Structure formats: structure tokens, C-alpha cells
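Per this note's numbering, the very first residue in the sequence shown carries number 84; after that it's consecutive. From the three backbone atoms N, C-alpha and C, an ideal C-beta is built for every residue, glycine too. Quick caveat: nothing in here was measured; it's all calculated off a predicted structure.
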Amino acid sequence: MATLLVLAATPAVGTARADAAPIPPPKQFFGFQPGTSGKLVRFSRMEDYFKLLADRSPRVTYESLGKTTLGHDYPLMQISSPANLQRVDEILAENNRLANPRGLSEEEARDLAAKHIPVYYLEAGMHSTEVGPVQVIPDIVYRLATESSPEIKKILDKLLIVVVPAANPDGSHLVTDYFNETEGTSYTRTYPDLYHPYTGHDDNRDWLLFTQKESKLRIGVFKKYRPVVEHILHQAGSSNPRMWVPPWDDGISDARDALQMQASNELGMDIVRGLYSEDKKGVSYGNGYGIWGTADIASFETFMGSALVLFETASLRDLAYPFSSSNGKPLGNSVRSMRNLLPYDKSTWTLEQMVDYLETGVFLGLDSVAKEPERWSLDELYKVPRNAIDSTTGPWAYVLPAGQRDEFAVYDLLKVMDQSLVEIDRATAPFTAGGKAYPAGSYVLKTRQPMGAWVNQLLGNRPYPDARNCPSCPLLMPYSEATDNLPIMFGVTADPIASSFSASLERVRTLAPDAVLMPQPPAAHGAYLVEPASEGVSQFLANLQKQDVPTFRAAAGFSSNGHAFAPGTLVVPPSARARAVLEDTSKATGLAVYATDTAPQVAEFQLKPGTRVGLIRGINNQAGGWLMWQLDQHGVDYKVVSADDYPRLSALYDTILMPDGISQSRIVNGVDPSTVPERFRWARGVGQEGWDQLKQFVLDGGTMVAIGSSGDTAKALLDLPADHVMLPSPFRIPGSLMRVATSAGVPELWGMPAQWATWSEGDTGWRVTDASKAKVGTSYPNDAQPLLASGYAEGDAGLRGLADIVTFDVGQGHVMISATDLNFRTWPRAAWTVIANAIYQGPSTEVPAA
Ligand SMILES: [Zn+2]
Numbered sequence: 084m085a086t087l088l089v090l091a092a093t094p095a096v097g098t099a100r101a102d103a104a105p106i107p108p109p110k111q112f113f114g115f116q117p118g119t120s121g122k123l124v125r126f127s128r129m130e131d132y133f134k135l136l137a138d139r140s141p142r143v144t145y146e147s148l149g150k151t152t153l154g155h156d157y158p159l160m161q162i163s164s165p166a167n168l169q170r171v172d173e174i175l176a177e178n179n180r181l182a183n184p185r186g187l188s189e190e191e192a193r194d195l196a197a198k199h200i201p202v203y204y205l206e207a208g209m210h211s212t213e214v215g216p217v218q219v220i221p222d223i224v225y226r227l228a229t230e231s232s233p234e235i236k237k238i239l240d241k242l243l244i245v246v247v248p249a250a251n252p253d254g255s256h257l258v259t260d261y262f263n264e265t266e267g268t269s270y271t272r273t274y275p276d277l278y279h280p281y282t283g284h285d286d287n288r289d290w291l292l293f294t295q296k297e298s299k300l301r302i303g304v305f306k307k308y309r310p311v312v313e314h315i316l317h318q319a320g321s322s323n324p325r326m327w328v329p330p331w332d333d334g335i336s337d338a339r340d341a342l343q344m345q346a347s348n349e350l351g352m353d354i355v356r357g358l359y360s361e362d363k364k365g366v367s368y369g370n371g372y373g374i375w376g377t378a379d380i381a382s383f384e385t386f387m388g389s390a391l392v393l394f395e396t397a398s399l400r401d402l403a404y405p406f407s408s409s410n411g412k413p414l415g416n417s418v419r420s421m422r423n424l425l426p427y428d429k430s431t432w433t434l435e436q437m438v439d440y441l442e443t444g445v446f447l448g449l450d451s452v453a454k455e456p457e458r459w460s461l462d463e464l465y466k467v468p469r470n471a472i473d474s475t476t477g478p479w480a481y482v483l484p485a486g487q488r489d490e491f492a493v494y495d496l497l498k499v500m501d502q503s504l505v506e507i508d509r510a511t512a513p514f515t516a517g518g519k520a521y522p523a524g525s526y527v528l529k530t531r532q533p534m535g536a537w538v539n540q541l542l543g544n545r546p547y548p549d550a551r552n553c554p555s556c557p558l559l560m561p562y563s564e565a566t567d568n569l570p571i572m573f574g575v576t577a578d579p580i581a582s583s584f585s586a587s588l589e590r591v592r593t594l595a596p597d598a599v600l601m602p603q604p605p606a607a608h609g610a611y612l613v614e615p616a617s618e619g620v621s622q623f624l625a626n627l628q629k630q631d632v633p634t635f636r637a638a639a640g641f642s643s644n645g646h647a648f649a650p651g652t653l654v655v656p657p658s659a660r661a662r663a664v665l666e667d668t669s670k671a672t673g674l675a676v677y678a679t680d681t682a683p684q685v686a687e688f689q690l691k692p693g694t695r696v697g698l699i700r701g702i703n704n705q706a707g708g709w710l711m712w713q714l715d716q717h718g719v720d721y722k723v724v725s726a727d728d729y730p731r732l733s734a735l736y737d738t739i740l741m742p743d744g745i746s747q748s749r750i751v752n753g754v755d756p757s758t759v760p761e762r763f764r765w766a767r768g769v770g771q772e773g774w775d776q777l778k779q780f781v782l783d784g785g786t787m788v789a790i791g792s793s794g795d796t797a798k799a800l801l802d803l804p805a806d807h808v809m810l811p812s813p814f815r816i817p818g819s820l821m822r823v824a825t826s827a828g829v830p831e832l833w834g835m836p837a838q839w840a841t842w843s844e845g846d847t848g849w850r851v852t853d854a855s856k857a858k859v860g861t862s863y864p865n866d867a868q869p870l871l872a873s874g875y876a877e878g879d880a881g882l883r884g885l886a887d888i889v890t891f892d893v894g895q896g897h898v899m900i901s902a903t904d905l906n907f908r909t910w911p912r913a914a915w916t917v918i919a920n921a922i923y924q925g926p927s928t929e930v931p932a933a
């Protein structure tokens, strides 16, 4: 590995095209070497440099894959030998042949792999304040573009390198621009808000549902290039190892492929050896990063076969300044062990060191894979999907029966599978599977397909792995969450079928909501009706509001034309405008609209026309970002509540939403205006006066919806008659789905099933102290069944009997709180109906049956 040291010192010789201008090294182009302490290259300047490299080097191409949430480019570079770059299409065609192994024998695959150029994917900037990984990319690309050593030549000849310099370009722009603009000011240098407009740091937790534009672009890269290695560069805490590299830690899902994981571990080990050979101290592996149990971080590309190499290098002070230990002792873990053979021996850590570690490690990874491309091609591209097709364990298929209570949720779930290359079939006739009869129109997802392990991962409800470092050691908790079970999150039935069955199936080529026919217009005194039991009802509510269509909700169940309608059914008096809105929304959601010539004779609530919705989102509060995303997706008209709004909240809003994470201190103290520029004025504290104004908003008739920890804020604000119960240790629920029972007669719960599962991050529950002033919406049942629906829970018996969702009438106003985060990363989709109901219900007016 000493050759790489030499290689690092090789001067640029410039292999640019004869007719092209010379390629300036990064230091010359940017005016300083990227990775210099206290300095950050703006991402826009970096893009200029990448374009220049592509322009002047036949080894580099540059393109933007599309636009980001904020409208920036999403850059991608291909780097390889000029000969390889001229036949990228052929390389990708071979990729696809290997990765779809049906009809391809191992011998044929071996022949194909022997001459194949595998793809090595390198990514930085998923987390935008982790600046070192982005700053190192120009030098890496420059060296690949210009150096002529045998090592670089081998890498270029044997690999097609795909570089995404910022997986969240918006954040890289925001963070590096802010850093440069605040130079010499009293402001903190770190961008103070979410660096992705909706998800912030959670942009790397979107690998279950691919909600964001950037997520969709990124999985598009994996689908197109099918890399054998996914090499991602991140930063961890300042006191962590100087760099963490795989092998990975436990626990491990039984759906994961052994070969794919071992390739990840072995490549990591090879890199660690190379780093030690270059005397890079403080590199360790194993402990700490066990992300294979669920699919929320390492997602479907690893199920396609990509080996995953993560670098987590230690962070600095104020993004780019040297970090020193407070006691003068060496940083990181100074205890020598088999997982930390060369402990770090200095008390400081600089940006220069960080980029040196990262760059050296990246070239070690490239060098390692370039040594045996045929093995990587055969194992990762061919054998991993082959293993899935040939699997003899786990269910043979999952059946999603036709006619579920929420067909929109079924469609929403299938969209995830469809985006991740899963083969989806649909029955053209009734059939029997696993002893159960299924109607025509049921969906069948077989597991013996290239992405079969992924199907199993997301649709199977597997027990939490019993992962420990030794038999008597404590159970390892997940790095992220303990479950990724989509059917329970979405409230969808997906039956695992153990053995093969025959059914008349057709492949779903274009996934779309089922076509539904609008009914004949009802008589003048009749009404359109929409059932309340779907997440998609939110879109009806929002669209009817936007078009100013008078809308009622039935307070009780009723029957019409022989069809039973549940409490909460939308009752819409007929008009041309009503029909247009209902028809459009029905088409978009696949949800049926009914009509009756005689309006139902039950008490109703009339929704307030143009309900004004405010969101106290909190600066840099991810839950607030996710809530914005959901509101935007469902077309809800809302505004972010500014500190300037507090003196006249009632004049501006009917309903105020508080996502998880809005504490009293966030509202009262907020952001200190002296630490941030004027444009963050909206997030400053409103003091005791503003706090009192928020209270008055509710007392005067406002509606407050406080989700998760914000329920405590609502209680402190309004002295709600309920106690947030603490449970004795051990009590652990590390991101799991917990069963709750729905109470009848609570409007916020209209349309929800009698039992469902809420998302819990170790949340407890509420105990109502004055039942005359509160209504329990959901509670943890006192029955004989486990409360855990999926994931892991310990000490959860104490939850039984406690409430999760509670509503209160306070003064003239109305409040809903929930102990759990009903919108956690938008995963518990089934719970969205509750939030949508709550937004419009508080401001509505009761109308008697007569
Ligand atoms: Zn990170």
C-alpha cells in the first residue's frame, strides 16, 4: 500500500485533450486548497470546477440529473478511462444482464463478469454540515482526471466511477454560502435551519418511502448504474474515532444477503489495513454502526447487491476549525483493541487531517475493487439477485387482498415497491392461497424475484434480532429504528403466503389508482358522500376547502341506498364546483364518491370555510419539516407561524399545529436574534407575552393540535387535565409500532379502525385526571394481546390503559395532543387521517339533524 503514498505525491501531469486548455489544480482554481482549516469552498464554485474538469478531461463527464427541492442542479460525474466512457451504455447493459439472472447460467455470468467494468459509486454531502467529505471531492476528481501513475490507470481501466459530490445539493449550497457570508460577523458559522427544506438531517432516513425529490434522483442513479460498491462519506461526533470504517456491527435482518454484507465488511477491512499501512491513527470499525436490521438507512440498493462502505470521520469545531480535547488528552478511544489497533495519539484534529484520511481511504477502496473487478461483478451483480430468486426460506409471496378499507394506502405502499424495481402482479380472477380465498384484483408480490429480499424486508413482520456482543451481553439496540414494516405503518393487509400457489396473474406495468366512476349528480336536496376511512380523505378535505365548497361531516353513522356510512363521512351538497373537486380528487386517490338524493338525517359538523392553518415548526426541527411536507403533499393551505404573528394569532389562524419537538423554551426563548441574520427573525423567542397570547388564542376559540413532545407544551400552556405518565426502567421502545385501540365518538378519530398501530420512539402515554373535560381518542388496550405490533419493546406493559391521543375543550377552543409522533418521518401513514381530521374539526360548527 506504500505505492499510494507515492501516488499521492505524484505531480499533476495533465492528461487533458490536446486541444483543451490545461486543468488547474484545485488550489489554483479556488485560491486555496479545499480542506484548509477555517475555509470552505462554496458548492456553486465546486460545480464550476467539476464542469471545467469535464470540459477539459476525457476521463470525466458531468451532468445534472434534475432539479432539487430548492431548484438547484443535482450533479453527477462519471469518471473512467476515455475508452470506457465511450461505451457506458454497453457497460450498463451488461450490468443489467448480470443483475437479472433469469436464463443466465453461472458459467455465462462468469464469462460476462470476466470482461465487465463494474461501477463504483462515491457519494458525499448527504449531511450538509458534514463538510469535509464534500470539500475533498475536487481533489479526488482532479487526481483521477490528471494523474498518470499505473495505480490510477488501473482504477480508470477497470472501473466506472460515479461521483455524487452532494447527495443534498440544496444543503451544500446553504451551508457553504452561509459559512462564507458570516465570515467576520458575530453570527455563528453553521447554517441555523434545516439544510434540507423538509427533512434536514433525516434526508438519510428516506430510504423506506423515497418521499423527497433528491431521494428519487438518488435511487434513479442506483437503478441506472447498479454499482457493486456504494461508498458514502459522512462525519460523526468530534470525540468518535478519527474515522470509522466497516466491518459493520450487529444486528442483522434475516432478509439480508450474506455475500453482499461480507463484501462490505471485507472491503472495509482492506481499507483499514491500507490506512494503518499509511499510519493513519484512530481508525476503527465494528462497534457502533449496526444499520442492517432495518432498511431506513441502507436501503434497496444494498438489496440490489451494492456493498456498502461508510466512512464516519470525526467532526471539527464550527464546521471547519481545529477541534481540541478539553483535557489535553488524545481524542477518540485511546484503548487499544482488536477493533482499534492504532489508537489516535493527538489532542487536536484538523480539516487538513480529515480530508487526508478521507482521500486516502477513497483511493484504497478504488484500488481494492480495481484489483478484482470480475469477482465484484459476479458476486454483487449476479449472485445477490440470483440468491433471492433461488431462495428457499421465507414466504413465497405476499398477497394484498383487493377491497381493503383504505385502497389509497394500498396504492401508496405499492408505489414504494414499484419505485424499487419490484415485480408486482395482479390477479385477473379469484384464487386461493394459504387456505384463504382472494378476489380478483388482489396484488401478489412474489419473493423469488431479483428484489425478493427487499420485498421480504419491507412486507414481512420479523422479530427483532437477538444481537449481542457475547451471550451474556446486553441486547444491542438498533442504530436507527427497530422496524420498517410498511403494511402496519400504512394500515394495509399484506398476507405472507408460505408456499407456492397458482393464480391467474398479470404483471402491473403502470401503477395507478384504480379508476372510479363518479355517480350521477344527486337531486338538489341530496348530497355527495365520501367515506372517512382513508389517508386520502385529507386530500378531499383540503381541496374542498381550497375551492370553497360547503362541506359537512356526519357526526354519526347512517345508511344510504343500502350502503352503511361511518361517522365522519363527508357530506357535500351538490353543485357544479363540488362535483368538479370531488371528481378530480377521486381520480387522484382512487377513492369512491357516492351520491344520495336525500341528505342523511344525522347531526353534522359544518367545516369552517377557508380554515386558516398555522404551523409552529421550530427552526431546525425535523418533525416540523416532515409535517410541512405532508401538508404540501395533501394540498393543505397553511402558513408557518412567525414570532411576529403572536399579537394577533386569532386574526390569522383557526388551527395551530405543533409538531413533535416544540418545547415551551423554543416558543418563549426561540433563537437569539443577535446570533442569526434578519431572515431568521420568524424563529426568535416571543417571551412570556407571546406565550400568554398563544394561550389566549385557544381560550378565544382557536384549535391547537400538539403532536408528540409538544403535548407537554400544550399542557404547560393550558393546564390540561391529564398527566404525562413516566414508566419505570427498563422501558425501551427504539422506534417500533405499538397497538392502540380507538374510542368511539371522538371526531379526530373518524375513519380509523378499532385497532391500529402508532409509531413509538419510547413514548409513554397520558392519564386523564378529569374525564369531564377530556376525551380519550386512543389508548393502549388492557387485553391479553401483545402491545408490540412490530419492532422491539421492553417494559411496555406499563403502557396498558394509558391514552395516546386525547382531546380537550378549553375555554372556547379545542386541543388535541398525542404522546406519540403521529407523523414520524411520514412513516405511520395510517395516522395521517387523525391529523387531517383534527385540523378542520376544531373550527367546525355543529349542525343538528333537523
Ligand atoms: Zn452523516
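* To do: Tell me whether Y521 sits in a helix, a strand or coil according to DSSP, three-state version.
  => Within the sequence shown, numbered from 1, the residue matching residue 521 stands at position 438. DSSP places Y521 in strand when its eight states are reduced to three.
* Asked: When the distance is taken between beta carbons, is G373 closer than 8 Å to Q974?
  -> Nothing about residue 974 can be read from this structure; the chain reaches only from 84 to 933.
* To do: With a threshold of 7 Å, establish whether the CB of M835 neighbours any heavy atom of ligand 1.
  => Taking the first residue of the sequence shown as position 1, residue 835 is located at position 752. Between ligand 1 and the CB of M835, the shortest heavy atom gap is not smaller than 7 Å.
* Anticipated Cβ contact below 8 Å, H279 with E213, distance rounded -> Here residue 279 corresponds to residue number 196 of the sequence shown, with the count starting at 1. Here residue 213 corresponds to residue number 130 of the sequence shown, with the count starting at 1. Not a contact, Cβ separation roughly 13 Å.
* **Neighbour-count burial assignment, W752, 16 or more Cβ in a 10 Å radius** => Taking the sequence shown and counting its residues from 1, the one referred to as residue 752 is at position 669. Just to set this straight, residue 752 is Asn in the shown sequence, not Trp. It is exposed - the Cβ of N752 has fewer than 16 other Cβ atoms within 10 Å.
* **Validate contact between the region 407 to 427 and the region 290 to 305 using beta carbons, cut 8 Å, 3 pairs** => The region 407 to 427 is not in contact with the region 290 to 305.
* To do: Would you mind stating whether E666 and M601 have Cβ atoms separated by less than 8 Å?
  => For the purposes of this step, residue 666 is taken as residue 583 along the sequence shown, with counting starting at 1. For the purposes of this step, residue 601 is taken as residue 518 along the sequence shown, with counting starting at 1. Yes. Within cutoff.
* Asked: Taking one C-beta from the region 309 to 328 and one from the region 378 to 395 each time, how about it: are there three or more such pairs within less than 8 Å?
  -> Short answer: they touch.
* Is T593 near I922, with beta carbons less than 8 Å apart? -> Numbered from 1 along the sequence shown, position 510 holds the residue referred to as residue 593. Numbered from 1 along the sequence shown, position 839 holds the residue referred to as residue 922. Not a contact, by the Cβ cut-off of 8 Å.
* May I have the straight-line CA-CA distance separating P911 from T566, to the nearest angstrom? => Taking the sequence shown and counting its residues from 1, one reaches residue 911 at position 828. Taking the sequence shown and counting its residues from 1, one reaches residue 566 at position 483. Cα atoms of P911 and T566: separation of roughly 12 Å, rounded to the nearest angstrom.
* To do: Assuming Y132 contacts P109 (C-beta within less than 8 Å), just tell me the rounded distance between them.
  => Working through the sequence shown from its first residue, we reach residue 132 at position 49. Working through the sequence shown from its first residue, we reach residue 109 at position 26. For Y132 against P109, the beta-carbon gap comes to about 7 Å, under 8 Å, which counts as contact.
* To do: Could you check how far apart the C-beta atoms of Y729 and G697 are, in whole angstroms? I think they sit under 8 Å.
  => To locate residue 729, count along the sequence shown from 1; it is residue 646. To locate residue 697, count along the sequence shown from 1; it is residue 614. The pair is not a contact, with the Cβ atoms about 11 Å apart (cut-off 8 Å).
* Under three-state DSSP, which class holds Y132? -> Numbered from its first residue, the sequence shown carries residue 132 at position 49. Three-state DSSP puts Y132 in a helix.
* Going by beta carbon distance, what residues of the same chain come within less than 8 Å of T576, once the five residues before and after it are set aside? -> Here residue 576 corresponds to residue number 493 of the sequence shown, with the count starting at 1. Closer than 8 Å at the Cβ level, and outside the excluded window around T576, lie L483, P484, Q487 and P570.
* To do: Determine the DSSP secondary structure at E230, reduced to helix, strand or coil.
  => Translated into the one-based positions of the sequence shown, residue 230 becomes position 147. Looking at E230 - three-state DSSP - the assignment turns out to be coil, as it is neither helix nor strand.
* Where in the region 238 to 307 do unbroken runs of the alpha helix (DSSP H), each at least 4 residues long, occur, reported from the N-terminal end onward? -> List check, alpha helix (DSSP H) in window: 252 to 264.
* Shortest alpha-carbon distance to M741 belongs to which of D508, M787 and W712? -> Along the sequence shown, read from residue 1 onward, the residue named residue 741 stands at position 658. The shortest C-alpha to C-alpha distance from M741 to any of D508, M787 and W712 is the one to M787.
* To do: Report all residues from its chain with a CB closer than 8 Å to the CB of E831; omit the five preceding and five following residues, and keep chain order.
  => By 1-based counting over the sequence shown, the position of residue 831 is 748. The answer, listed in chain order, is G860, I888, T890, M899, V917, N920, A921 and Q924.
* Asked: Measuring CA to CA, which of T433, D802 and P275 is closest to S757?
  -> One-based indexing of the sequence shown puts residue 757 at position 674. Of all alpha-carbon atoms in T433, D802 and P275, the one lying nearest the alpha-carbon of S757 is that of P275.
* To do: State the Cα-Cα distance for the pair G574 and K198, rounded to the nearest angstrom.
  => On the sequence shown, residue 574 is found 491 positions in, with the first residue counted as 1. On the sequence shown, residue 198 is found 115 positions in, with the first residue counted as 1. Each residue's Cα considered, the two are about 47 Å apart.
* Check whether V538 and Y465 have beta carbons under 8 Å apart -> What you label residue 538 is simply residue 455 of the sequence shown in a count that begins at 1. What you label residue 465 is simply residue 382 of the sequence shown in a count that begins at 1. V538 places its beta carbon 8 Å or farther from that of Y465.
* To do: Leaving out five residues on either side along the sequence, give the residues of the same chain with a beta carbon under 7 Å from the beta carbon of S255.
  => On the sequence shown, position 172 is the one that residue 255 refers to. Cβ neighbours of S255 beyond the five flanking positions: F126, G208, S211, V217 and A249.
* To do: Determine, using beta carbons only, whether S336 and G376 come nearer to each other than 8 Å.
  => Reading the sequence shown from its first residue, position 253 is the one you call residue 336. Reading the sequence shown from its first residue, position 293 is the one you call residue 376. Yes; because the gap between Cβ atoms is below 8 Å, this pair is in contact.
* Asked: Looking at C-alpha atoms only, which residue of A637, S525, F262 and E618 is the closest neighbour of L489?
  -> Residue numbering aside, residue 489 sits at position 406 when the sequence shown is read from its first letter. Residue 489 is actually Asp in this sequence, not Leu. Answer by Cα proximity: E618.
* Asked: Under a three-way DSSP split, which group does W432 fall into?
  -> For the purposes of this step, residue 432 is taken as residue 349 along the sequence shown, with counting starting at 1. Strand at W432.
* To do: For A797, count neighbouring C-beta atoms within 10 Å of its own C-beta (all shown protein chains included) and say buried if the count is 16 or more, exposed if not.
  => For the purposes of this step, residue 797 is taken as residue 714 along the sequence shown, with counting starting at 1. Buried, by the Cβ-count rule.
* Rounded to a whole number of angstroms, what is the C-alpha to C-alpha distance between P926 and P329? -> As a working note, residue 926 is residue 843 in the sequence shown. As a working note, residue 329 is residue 246 in the sequence shown. When rounded, the distance between both Cα atoms is 54 Å.
* What residue ranges within the region 865 to 928 form continuous alpha helix (DSSP H) runs of no fewer than 4 residues, ordered along the chain? -> As far as the region 865 to 928 is concerned, its whole alpha helix (DSSP H) runs of at least 4 residues are 915 to 924.
* Between the C-alpha atoms of A913 and A492, what's the straight-line distance to the nearest angstrom? -> Locating residue 913 in the sequence shown gives position 830, counting from the first residue. Locating residue 492 in the sequence shown gives position 409, counting from the first residue. Their backbone Cα atoms lie some 8 Å apart in a straight line.
* Asked: Any chance the CB of E213 is under 7 Å from a heavy atom of ligand 1?
  -> For this step, residue 213 is matched to residue 130 along the sequence shown. Under cutoff, so the answer is yes.
* To do: Starting from A647, follow its DSSP beta bridges and name the residues at the other end.
  => Stepping through the sequence shown from its first residue, residue 647 is reached at position 564. DSSP output for A647 lists S642 as bridge partner(s).
* **Heavy atom of ligand 1 within 7 Å of H807 beta-carbon** => Your numbering for residue 807 matches position 724 in the sequence shown. No; taking the cut-off as 7 Å, the Cβ of H807 has no heavy atom of ligand 1 nearer than that.
* State the DSSP-derived secondary structure class of A512, mapped to helix, strand or coil. => On the sequence shown, residue 512 is found 429 positions in, with the first residue counted as 1. Three-state DSSP puts A512 in coil, outside helix and strand.
* Asked: Thinking C-beta only, is S855 closer than 8 Å to S819?
  -> In the sequence shown, residue 819 corresponds to position 736, counting from 1. In the sequence shown, residue 855 corresponds to position 772, counting from 1. Going by C-beta atoms, S819 is not nearer than 8 Å to S855.
* Excluding sequence positions up to five away, which residues of its chain have a Cβ less than 6 Å from the Cβ of H717? -> For the purposes of this step, residue 717 is taken as residue 634 along the sequence shown, with counting starting at 1. So the list reads S621, Q622 and A625, once near-sequence residues are dropped.
* Asked: E361 and T443 look like a contact to me (Cβ under 8 Å); what is the Cβ gap, rounded to whole Å?
  -> Against the sequence shown, residue 361 aligns to sequence position 278. Against the sequence shown, residue 443 aligns to sequence position 360. Indeed they touch by this definition, with Cβ atoms about 6 Å apart.
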